[in-house]
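Asker: Sequential numbering from 1 applies to the sequence shown in UniProt numbering.
The structure that follows is given in the form of structure tokens.
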Amino acid sequence: MVRPCGLLNRQEEPVPLKSISVTLSICEFVAGVSATLNYENEEKVPLEAFFVFPMDEDSAVYSFEAMVDGKKIMAELQDKMKAHTNYENAISQGQQAFLLEEDKCSRDVFCCNVGNLRPGSKAALTLKYVQELPLEADGALRYVLPAILNPRYQLSGWPEDSCLKMKTPVVPLEDLPYTLSMVATISSQHGIQRIQCNCPLSPIEYLGDDKTSAQISLADGHKFDRDVELLIYYNEVHTPSVAVEMGKSTTDADCLMGEPSAMVSFYPDIPEAQPPITCGEFVFLMDRSGSMQGPMSKQDKSQLRIEAAKETLILLLKSLPIGCYFNVYGFGSCYEPFFHRSVKYTQRTMDEALRRVKLMRADLGGTEILTPLRNIYSGPSIPGHPLQLFVFTDGEVTDTFSVIKEVQINSLRHRCFSFGIGEGASTSLIKGIARVSGGMSEFITGKERMQSKALRALKRSLQPVVEDVSLNWDLPSGLSAKMLSPEQTAIFRGQRLIIYAQLTGMMPPAEATGEVCLKYTLQGKSFENKVTFCLQPKFDANLTIHRLAAKSFLQTKDMGFRETPAKDKKDVLKVSIDCGVISSHTAFIAVNKDLNKPVQGPLVRRDVPRPILLSATAVMSRYRGGAPAKASSSYRPPAPRLIRNTYYPSVPYQQNTYDPHKSTISKELYSLGEHLSRDFFSPIFVCHTCRTRQTPSFW
């Protein structure tokens, strides 16, 4: 038996991941990130390590490499099934292999496999990505290095090969066995006003008297136990611009990387609607699953997600225009609308809604959002009142692409405004449903910016629809622009609009310029915004604009490993592999074929623990009071209570307990401290005795 050594997880197994180091470079509103995972095998047997971690869904991951005992191994981006086969073959032959993949079910979850790490060996795995930074309501650019990946609710019958199904151990934040270091360089030609961070920083060092560049770093000893959020304030953020980037030489005429690419940033000067719009059907979809009982963040444990969501909803309800229509849905494993159909907004209906919102609890089980969405979409439209859907959720679902697809199918009849509540909210779900419907997304992790974000979303929902959006290019003869971004169907006042295009043909002399014009119609009036720019492309070794353009294309076409239509899958694979940007259909694979002899001995699996905001034992403690108890077959739950079952009509009432017939909980079915495969805050299981769906009453 191998004696445990070094860092241990809760099962007293050594943890091979020792630290994570991040180098961040932010130029204007684009971030370039290099993250290195440092592994060391302190055991006496070879290891295979698995690390599941979150990524922002806008991240374009374009490079993966391994440094093993001083030897550098570059990874190749391949078709996902081929990469898996090559990885398994390499491992079985005793070769060292490394695999990086995006989850099949969600763009914001990744898994890194380290195979055949010899005893005493060290490996440093480096992945690189680029990302557009969103603009906040107060003018800040927001960068988040996500750390929290909360367990996601598993639907019955969901595929087993998702990273989200992997039985990775979870640990409380204070027990996380690896550390994080981050150094960031920030630059803007307009000057830096200030930088804020939710984590302790070393003193900010400004480079130069004009404050156009600054360097910061996390304080020493920081653990990767929370999302690292940077808010960057420039002196000016609303300046339109066009950047042209040089392509790379390639023999493939159809390759996106071969020609120069342009990144166009507009800040349309859209006038206020005259008169202000007061119509609309506003439907608020509130997540009441058990996970909403968790805290917003490590820094704000006093406020629960459900309370933050309720505060936001109350603010919006009080701000609706008189004469509109509205309704509120609570959802979990079932859903409960306040009214049978949307009602007219009056003092009486508002008071009734506010009363019911204040009584809301996170007590509806798992996170099943698809069914209430379909119910909302199946309802009749109210003439003269376009549907505006507001979604409040922590996004802990596994059927992300199915939800996005449902919203997209109904995108012509509504706009969706989504709010991610708390750290660990799924960026893939929150951003995805807003993007495909022409709405907007916001993330609420604390009280300080909640009000401005909520009111900005409501104000945009009251803006009239901008029509006849087009982009016209005025370029020298022989040069043309091919759009890479999806067609714009929605533009909001104060919004930054980013568009990518490929420039094809003969590039003119260095001094030549071009012009791009954004045209649109609002309330019968025509408007246009023009930008003149230099056509001389600039060299960037990382091909940042090309990667971002590829990511923009993939977000439009790639609807997940199983949901992507066959006609789009071919395009997704080609763009992903040609541009080196990972997708749900591709994976990075690196194999060390230069070992003098194959790795010998049985291969031991080690899963790297990941942090959660609230452990299952803490949840039990909160609900029962006092210290958490161990789960066992002798545990006797409190007396069950009856709840109305609105989701399963064949079972008019059910008891909110695991097995009311035996008053026991199966140790094999659920054990605290072990792997959690369902939404651990409120699991729903089938009772072995009567076969009805049950939830353990201690939740």
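From the three backbone atoms N, C-alpha and C, an ideal C-beta is built for every residue, glycine too.
State buried or exposed for A83, treating a residue as buried only when at least 16 other CB atoms are found within 10 Å of its CB.
Answerer: Here the question's residue 83 lines up with position 83 in the sequence shown. A83 comes out buried.
Asker: Based on the DSSP output, what are the partners of L479 in its beta bridges?
Answerer: Residue mapping note: residue 479 aligns to position 479 of the sequence shown, counting from 1. Answer is G505, bridged to L479.
Asker: Would F51 and L99 qualify as a contact pair, given that the criterion is a beta-carbon distance under 8 Å?
Answerer: Along the sequence shown, read from residue 1 onward, the residue named residue 51 stands at position 51. Along the sequence shown, read from residue 1 onward, the residue named residue 99 stands at position 99. Not a contact, by the Cβ cut-off of 8 Å.
Asker: According to DSSP, is Y520 part of a helix, a strand, or is it coil?
Answerer: Reading the sequence shown from its first residue, position 520 is the one you call residue 520. The answer is strand: DSSP assigns Y520 an E or B state.
Asker: May I ask you to list the residues that DSSP assigns as paired with V328?
Answerer: Taking the sequence shown and counting its residues from 1, the one referred to as residue 328 is at position 328. For V328, which the question treats as bridged, DSSP gives the partners F284.
Asker: Could you tell me which residues DSSP puts in a beta bridge with M586?
Answerer: In the sequence shown, the residue the question calls residue 586 occupies position 586. Position check: residue 586 holds Thr in this sequence, whereas Met was assumed. According to the DSSP secondary-structure assignment, T586 is paired through a beta bridge with D79.
Asker: Mind pulling the beta strand (DSSP E) runs of 3 or more residues that sit fully within the segment 542-603?
Answerer: 586-592
Asker: So does the segment 458-471 actually touch the segment 504-524, counting three or more Cβ pairs closer than 8 Å?
Answerer: In short, these stretches touch, since the Cβ pair count reaches three.
Asker: Hey, E132 and F29: beta-carbon distance below 8 Å or not?
Answerer: To locate residue 132, count along the sequence shown from 1; it is residue 132. To locate residue 29, count along the sequence shown from 1; it is residue 29. A contact, by the Cβ cut-off of 8 Å.
Asker: Looking only at C-alpha atoms, which of V109, V22, Q96 sits nearest to V397?
Answerer: For this step, residue 397 is matched to residue 397 along the sequence shown. By alpha-carbon distance to V397, the top candidate from V109, V22, Q96 is V109.
Asker: If I follow the unbroken alpha helix (DSSP H) through D254, where does it start and stop?
Answerer: Residue mapping note: residue 254 aligns to position 254 of the sequence shown, counting from 1. Unbroken run through D254: none, as it is neither H nor E.
Asker: Please determine, among A490, S319, S477, R341, the residue with the shortest C-alpha to C-alpha distance to L503.
Answerer: Taking the first residue of the sequence shown as position 1, residue 503 is located at position 503. It is S477.
Asker: Report yes if the CB atom of E423 is closer than 8 Å to the CB atom of R226, and no otherwise.
Answerer: Residue 423 sits at position 423 when you count from the first residue of the sequence shown. Residue 226 sits at position 226 when you count from the first residue of the sequence shown. Taking 8 Å as the Cβ cut-off, E423 and R226 qualify as a contacting pair.
Asker: For K557, which residues in the same chain have their Cβ closer than 6 Å to its Cβ, ignoring the five residues on either side in sequence?
Answerer: Counting from 1 along the sequence shown, the entry for residue 557 is found at position 557. If we look at K557 and ignore the five residues flanking it on each side, its Cβ neighbours are D568, D571, V572.
Asker: Within 10 angstroms of the Cβ of L313, are there 16 or more other Cβ atoms? Answer buried if so, exposed if not.
Answerer: Translated into positions along the sequence shown, residue 313 becomes position 313. Counting Cβ neighbours within 10 Å, L313 comes out buried, since at least 16 surround it.
Asker: Which ranges does the beta strand (DSSP E) cover as unbroken runs of at least 3 residues, wholly within the segment 321-397, from first to last along the chain?
Answerer: With a minimum length of 3 residues, the continuous beta strand (DSSP E) runs that stay inside the segment 321-397 are 325-331, 335-337, 387-393.
Asker: So, do the segment 331-339 and the segment 265-279 have three or more beta carbon pairs nearer to each other than 8 Å?
Answerer: Of all C-beta pairs linking the segment 331-339 to the segment 265-279, fewer than three are shorter than 8 Å, placing the two stretches out of contact.
Asker: Rounded to whole angstroms, what is the Cα-Cα separation between K104 and Y345?
Answerer: Taking the sequence shown and counting its residues from 1, the one referred to as residue 104 is at position 104. Taking the sequence shown and counting its residues from 1, the one referred to as residue 345 is at position 345. Their Cα atoms are separated by approximately 42 Å.
Asker: For P321, which residues in the same chain have their Cβ closer than 6 Å to its Cβ, ignoring the five residues on either side in sequence?
Answerer: Taking the first residue of the sequence shown as 1, we reach residue 321 at position 321. Around P321: T278.
Asker: Once you ignore the five residues that flank E136 on each side, which residues in its own chain have a CB closer than 6 Å to its CB?
Answerer: In the sequence shown, counting from the first residue as 1, residue 136 sits at position 136. The answer, listed in chain order, is R142.
Asker: Which residues in the same chain as residue 700 place their Cβ atom closer than 6 Å to its Cβ, once the five residues preceding and following it in sequence are excluded?
Answerer: In the structure displayed, the chain extends from 1 to 699; residue 700 sits before or after that span and is not available.
Asker: Within 10 angstroms of the Cβ of G120, are there 16 or more other Cβ atoms? Answer buried if so, exposed if not.
Answerer: Locating residue 120 in the sequence shown gives position 120, counting from the first residue. Exposed, by the Cβ-count rule.
Asker: Got a sec? Which residues, its chain only, sit under 6 Å from S241 by beta carbon, not counting five neighbours each side?
Answerer: On the sequence shown, position 241 is the one that residue 241 refers to. Counting only Cβ-Cβ distances below 6 Å, and skipping sequence neighbours, we find S265.
Asker: What residues in its chain sit with their C-beta under 7 Å from that of S470, if we drop five residues either side in the sequence?
Answerer: Taking the first residue of the sequence shown as position 1, residue 470 is located at position 470. Excluding positions up to five away in sequence, the list reads K519.
Asker: How would you label G70, buried or exposed, when you count the other beta carbons within 10 angstroms and need 16 or more for buried?
Answerer: Sequence index remark: in the sequence shown, residue 70 carries index 70 (1-based). Flag for G70 reads exposed.
Asker: What span of residues does the alpha helix (DSSP H) with S437 cover, start to end?
Answerer: Walking along the sequence shown from the start, residue 437 turns up at place 437. Run containing S437: 427-437, per the alpha helix (DSSP H) assignment.
Asker: Alpha carbon to alpha carbon, how far is A262 from H546? Give it in angstroms, no decimals.
Answerer: As a working note, residue 546 is residue 546 in the sequence shown. As a working note, residue 262 is residue 262 in the sequence shown. C-alpha separation (whole angstroms): 8 Å.
Asker: Which whole-angstrom value is the C-beta distance of A590 and A75, which I expect to be below 8 Å?
Answerer: Position 590 of the sequence shown holds residue 590. Position 75 of the sequence shown holds residue 75. Right, their Cβ atoms sit about 4 Å apart.
Asker: Does DSSP put Y39 in a helix, a strand or coil?
Answerer: What you label residue 39 is simply residue 39 of the sequence shown in a count that begins at 1. Y39 falls in the strand class under three-state DSSP.
Asker: Relative to the alpha-carbon of V22, which residue among T371, S217, L479 has its alpha-carbon at the smallest distance?
Answerer: Your numbering for residue 22 matches position 22 in the sequence shown. Comparing Cα-Cα distances from V22 to each of T371, S217, L479, the minimum goes to S217.
Asker: Taking only beta-carbon atoms, is S181 less than 8 Å away from chain D?
Answerer: In the structure shown, chain D does not exist; there is a single protein chain.
Asker: Hey, would you say I404 sits closer than 8 Å to G432, going by beta carbons?
Answerer: The residue labelled residue 404 in the question sits at position 404 within the sequence shown. The residue labelled residue 432 in the question sits at position 432 within the sequence shown. Yes. Within cutoff.
Asker: Report back the beta-carbon spacing between I491 and P268 to the nearest angstrom; my notes put them in contact at under 8 Å.
Answerer: Numbered from its first residue, the sequence shown carries residue 491 at position 491. Numbered from its first residue, the sequence shown carries residue 268 at position 268. So it is a contact: roughly 6 Å between Cβ atoms.
Asker: Which residues share a DSSP beta bridge with F527?
Answerer: Within the sequence shown, the letter at position 527 stands for residue 527. Answer by DSSP bridge pairing, in chain order: Y520.
Asker: Relative to the C-alpha of G395, which candidate in M286, E352, V144 has its C-alpha closest?
Answerer: The residue labelled residue 395 in the question sits at position 395 within the sequence shown. Per the Cα distances, M286.
Asker: In whole angstroms, what separates the C-alpha of S452 from that of P386?
Answerer: As a working note, residue 452 is residue 452 in the sequence shown. As a working note, residue 386 is residue 386 in the sequence shown. Going by the C-alpha atoms only, they are around 24 Å apart.
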